[in-house]
Amino acid sequence: LVGAICAAPAVALAEWGILTADTPATAHPAFSDHLPNASQASTRVVCTGDGVITSRGPGTAFEFALAVVEELCGAEVAADVAVPMVLHDSWRAR
């Protein structure tokens, strides 16, 4: 499992060959066009797929963290973690 937030998906993961044109990914809007799948880069807050989790920026850190928990421990555990954090349910729509 590899994860990156903000510019890092484009600057690090793409540079290291971790992201391919088939990997669902997102990045900070200023860097989305540098992703291998730039024409399909998601505007979603968090993208998960192919063992990679990416997120758009610092303001999406909670959603990113919950995506990591979900990937490692399952959706039920992620929901259990989210509840005491008083997050609204929109984190599930990532």
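Those letters in the sequence shown? Residues 7 to 100, by our numbering. Just so it is clear, CB atoms sit at the ideal spot from N, CA and C, and this is done for glycine as well.
Remark: fewer than three beta-carbon pairs, one from each stretch, lie closer than 8 Å, so the segment 15-22 and the segment 71-90 are not flagged as touching. Residue ranges of uninterrupted beta strand (DSSP E) with 3 or more members, entirely inside the segment 26-66 and ordered along the chain, are 52-55, 58-61. Alanine 84 and valine 92 have their alpha carbons spaced roughly 13 Å apart. Around the C-beta of leucine 7, fewer than 16 other C-beta atoms lie within 10 Å, and the residue is accordingly described as exposed.
Residue pairing for valine 8: DSSP places it in a beta bridge opposite Val58.
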